[in-house]
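The structure appears right after this line, and notes come after that.
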Amino acid sequence: MTQATDAVPASVEGAGFRVVQRTLIRPDEELDVRSLYLGGISAFTGGDASTGRSGAEYDGDSKKESKQQQLSPTDTLGGLSGFGRVTENGEIEVEPERRVSFATYFNAFPASYWRRWTTFDSVRLTARMRGHGNLIVYRSTSKGHSLRAEVISVNSAESQTYTLDLTLKPFIDGGWYWFDVEATHEGFVLEEATWGFETDRTRSGTVSIGITTFNRPDFCVDQLVRLSEAPDVLAIIDEIIVVDQGNQKVSDEPRFPAVSTALGSKLRIIEQRNLGGSGGFSRAMMETAQKGDSDYVLLLDDDVVSELEGIHRAVAMADLAKQVVLVGGQMLSLYDRTVMHAYGEAIQKYRWFWGPAPATVHGHDWGRKPLRSTPWLHRRIDVDYNGWWMCLIPTQVVNDIGLSLPMFIKWDDAEYGLRAGEAGYPTVTMPGVAVWHVPWTEKDDTLDWQAYFHERNRLVSGLLHSPYERGGKLVRESLENHVKRLMSMQYSTGEIIMMALQDVLDGPDRMHRDIVKRLGEVRALRGDYDDGRTEASLDRYPKPRTKKPPRRGKGIPVPSSMPGKVMMAATGLVRQVLPVRELAEVAPEGVVPHADQRWFRLAHFDSAIVSSADGLNASWYRRDRSQFADQLSRSTKLHARLYSEWPELAKRYRDALAELASPEAWKPTFEGSDDA
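When we follow our numbering, the leftmost residue of the sequence shown carries the number 227, and every step to the right adds one.
So this is what it looks like as structure tokens:
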């Protein structure tokens, strides 16, 4: 037990102290996110030894996870649940003989990340408290077991400041620190608490924020307003660069004049034609690097809600890391706000596809399964890249490896993270640094015009970075995906996939041209196909009809087992050569909700009304035997050529990479040159 009312003494001459994480206690925090900040009475659910698996063996099955975690009733308590309250000035008052826990997403200290990425061997917890009670510090192991580390007992009506120096040595594989506060016979108050280090690097790095926006002026201005109301964050911001690429201008939003006045010279609006995320973020990178005032550029999507303390935490990690690193934020769901949609991102190298990092689970609900009762959360997670919903990039990295590739959207953040890693700049995705963002589960951008960019950019990034000869499974999987689209009657998607294949085969020289022109060409092509045209109302389509009722009243099944899916796929493939039922030409055979539009199921329809992921529109899919045969023939030839030419293509793209990503190559694209 340690008490200190004076300044923390320096352990080495000339050293100072740097706070890297402030405990967040906010009286205005909404109840639906309170469990991310504060917990009720503590629950002790020990780690499960069976979770001590390697990342390669972990299958990320959320159903298995839920079976392993038997939650006690207290695990599901969000907020304070009657055990204390947050005062108007941001303090925690704990009731007698009750406890409040800070073993939460935003307030636990991710010790293993500081152990891995810095040279510190201890961290200092500083807390100001009054009343009668205890502050109990816990630490966890990488397997999720909780251990009591230290206790501070308080017995004073006056505010006192207490410090504890806690070792970081046991955290090589994972683990957190956190504390609980409990009152004894009388009330107990935690006024504030911080985590920090003795260091001579006490100056915070400075940041330029780059926000790319397209027709979301309300979202974008919301974000600017929040920044304008956070003076502690503005203190480390050199400039906020909004790259507006839409025709609904941010500057025309009614609240813009007021927020522009509040931000003053820190706000700069750049209007340019729509170059997608890669074009907008590249512009922010280039402007930041060329101006030369900032240590970092922070990329933020326009449609996120930020926990602004995360900016300080990200900058602190980047400042104090033992090497130059990119620091990424995690993604919470904007719709279900305690759900962590993306904890860490990795590339499955043999398939060459992105997904959750090994030993993580997409869609983890912190409100239902908090830190103490979720063993996998205690492992340190290493990533290949971080999504550009929130990513802090040192300007040194921009000057060294250049800007994004001209990809428009999709794979630009993954490719950049891989490129940075190969140049010696790893990415750290940092717990406690996060934004709320619309989750991918509410989108299906593999079916609309974005399918072109998914396909082309996946192949380009594979040519640049795949460690496997001829891309591992990538070419084969690309062909399989195309066949699935054809079996699903998604002929417009199939056609733009082949457009992407041909563009990749044509080589890297056309990428700056295509970032300007391909979107319009892709959209025009899709308009020639039934599945590329949409209506906002189901009433705009004929009523579904079939010549015969469903066999035994069951209709087309949705199989849950792999053998069932294989059988459905096989019979669906055979169906593609059979004549189209006459009635299906004039009326759909059914209405398929987006949740049920699996390819092996759609393959059994001759026509169907299929809704979009966002619920706004629907399309009438109709089977066309000639389209199926023609596209399958051309696709097979293109994929065979891609496989055959892979080594030569890979060399061409790798030789062109530095030029494609250079500011000099981007400038004509930014400036609107028709030759771009």
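Beta carbons are placed, not taken as given, at the ideal position from N, Cα and C, and that holds for glycine.
Predicted model only: the values in this text are computed from it and were never measured.
Local conformation of residue i per DSSP, three classes
| i | result |
| --- | --- |
| G647 | helix |
| S787 | coil |
| I362 | strand |
| T600 | coil |
| D608 | coil |
| G400 | strand |
| T621 | helix |
| I741 | helix |
| V531 | strand |
| V701 | helix |
| M633 | coil |
| D406 | strand |
| Y879 | helix |
| M543 | helix |
| T895 | helix |
| S307 | Note that S307 scores 44 on pLDDT, short of 50, meaning its location in the model is unreliable; the coordinates nonetheless yield the value given after this. Three-state result, S307: coil. |
| W592 | coil |
| P483 | helix |
| A461 | coil |
| Y903 | The requested residue 903 does not occur in the structure, where the chain is confined to residues 227 to 902. |
| W662 | strand |
| E319 | strand |
Cβ separation of residue i and residue j, assumed to be a contact under 8 Å, to the nearest whole Å
| i | j | result |
| --- | --- | --- |
| F910 | G472 | Nothing can be reported for residue 910, as the shown portion of the chain is limited to 227 through 902. |
| D850 | Y717 | 6 Å |
| L712 | R867 | About 19 Å separates the two Cβ atoms, so there is no contact after all. |
| T655 | V623 | Not really, about 16 Å apart at Cβ, beyond 8 Å. |
| A329 | E533 | Between E533 and A329 the Cβ distance is about 18 Å, and since that is not below 8 Å, they are no contact. |
| E314 | A409 | Not really, about 20 Å apart at Cβ, beyond 8 Å. |
| V469 | Q498 | 6 Å |
| Y847 | G698 | Not confirmed; about 32 Å, so no contact. |
Proximity below 8 Å, CB of residue i to CB of residue j
| i | j | result |
| --- | --- | --- |
| P889 | L629 | yes |
| A839 | S714 | no |
| E323 | V415 | no |
| S852 | W592 | no |
| I607 | Y569 | yes |
| L560 | V531 | yes |
| R481 | V433 | no |
| W343 | A547 | yes |
| A583 | E571 | yes |
| R356 | E384 | yes |
| T653 | G554 | yes |
| T885 | A891 | Looking at the sequence provided, one finds Glu at residue 885 rather than Thr. Closer than 8 Å, so yes. |
| L618 | L524 | yes |
| V806 | R563 | no |
Identity of the residue in the options nearest residue i by Cα
| i | options | result |
| --- | --- | --- |
| W578 | L700, L731 and A795 | L700 |
| S379 | G359, S385, H371 and T389 | G359 |
| R311 | L257, R244 and G643 | L257 |
| A649 | V551, M725, V659 and D638 | V551 |
| E811 | D832, V818, L828 and V800 | D832 |
| A218 | S434, V818, K369 and A726 | Past the edges of the chain, shown from 227 to 902, lies residue 218, and the structure says nothing about it. |
| D347 | I723, R325, S382 and E424 | E424 |
| T621 | L644, M557 and D521 | D521 |
| I722 | Y755, S382 and A510 | Y755 |
| G502 | I635, R509, N625 and W872 | I635 |
| T420 | G613, D562 and A334 | A334 |
| L394 | E418, V326, Y364 and A409 | Y364 |
| T448 | V433, G422 and S486 | Here the sequence assigns Asp to residue 448, which means Thr is not the residue at that position. Looking at the Cα atoms, S486 is the closest of the given residues. |
| V246 | F332, D254 and V259 | F332 |
| G733 | I463, T367 and R880 | R880 |
| I362 | G790, T389 and E412 | T389 |
| E317 | P632, K863 and E255 | E255 |
| I462 | D426, D519, G422 and E418 | D519 |
| A887 | S504, A375 and L858 | S504 |
| P596 | T249, G265 and G242 | G265 |
| V908 | D406, I437, S861 and V459 | What the structure shows of the chain is the stretch from 227 to 902, and residue 908 is not part of that stretch, so it cannot be assessed. |
| W340 | D527, Q549, H371 and F826 | Q549 |
Beta-bridge pairing of residue i - partner residues as DSSP gives them
| i | result |
| --- | --- |
| V818 | V836 |
| V468 | I437 and I495 |
| G628 | G628 pairs with nothing; no bridge assigned. |
| M804 | The residue asked about is misnamed: residue 804 is Leu in this sequence, not Met. Paired residue(s): none; L804 is not in a bridge. |
| N381 | H358 |
| P582 | E571 |
| R848 | S833 |
Check: residue i C-beta below 7 Å from any heavy atom of the ligand GDP
| i | result |
| --- | --- |
| I627 | Inclusion of the ligand GDP in the displayed structure is not the case, the ligand content being empty and no account of it being possible. |
C-beta neighbour in chain D for residue i, strict 8 Å
| i | result |
| --- | --- |
| V541 | No chain D is part of this structure, which consists of one protein chain only. |
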